[in-house]
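Peer 1: Numbered per the UniProt record's numbering, the sequence shown spans residues 1 to 174. Glycine included, C-beta positions come from ideal geometry on N, C-alpha and C. On a predicted model such as this, the values are computed, not experimentally measured, just so you know.
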Amino acid sequence: MKCHMKYLPRRQSLCNKMAELSAYRDQHFRGSRNDLERMLVTSGTLYVGNLSFYTTEEQIHELFSRAGDLKRIVMGLDKVKKTPCGFCFVEYYSREDAQNAVWYINGTRLDDRIIRTDWDAGFVEGRQYGRGKSGGQVRDEYRSDFDPGRGGMGKKTEQGAGVITSPPVAYSKR
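1. Give the straight-line distance between the Cα atoms of Met153 and Gly107, rounded to the nearest whole angstrom.
2. So, under 8 Å CB-CB, Met75 and Glu62 are touching, yes? Tell me the CB distance rounded to an integer number of Å.
3. Identify the continuous alpha helix (DSSP H) that holds Arg38 and give its terminal residues.
4. In this structure, how does DSSP classify Glu20 when only helix, strand and coil are distinguished?
5. Please list, in chain order, all residues of the same chain as Phe123 whose beta carbon is under 7 Å from its beta carbon, the five residues on each side excluded.
6. For my contact list, Leu21 and Leu36 are in at a C-beta cut-off of 8 Å; report their separation, rounded to the angstrom.
7. If you draw a straight line from the C-alpha of Leu77 to the C-alpha of Arg127, how long is it?
8. Can you tell me which of the three DSSP states Ile60 falls into?
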């Protein structure tokens, strides 16, 4: 790979640095830490977080296809409601295209939200579902603010205020 980014401070080159792995590691990964690390440095799959619940697969495709050829997109779903819950997996045919997405798309705005990308070891069936107790993402379980892009009030606030999150069930005698 040839680098033409000579304008970076201290002559630091993105081409030599490659998009670094974050400290995050999937706690549900089945395998050794070394296996996970090896897969992360060769993977063409990205985890994309902080999406609006209303962001569509088409919007993800339009944005991420600018970085290279997409293999597939897997939208994250609430495991109970089967509705989008603010994340997805984007899989590229090549590591280089995924690298471009990390460099150029991470931190950009989509649907009025700053999205983040992170390397993923590869999508495995079942990971498309939120891991929170209520079915969504764990982070939304602890959120106490109002965020219209993430479904309104956080679960912590709803529980503390006694807000009913599902419609009441009416029973009648016959």
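Peer 2: Well, looking at it:
1. The predicted position of Met153 is uncertain, since its pLDDT is 48 and thus under 50; a value taken from the coordinates is nonetheless stated next. Using only the alpha carbons, I get a separation of about 24 Å.
2. Going by Cβ atoms, the distance from Met75 to Glu62 rounds to 14 Å, so no, they are not a contact pair.
3. Arg33 to Thr42
4. coil
5. Thr45, Val74, Phe89 and Glu91
6. That pair is no contact at about 10 Å.
7. 9 Å
8. helix
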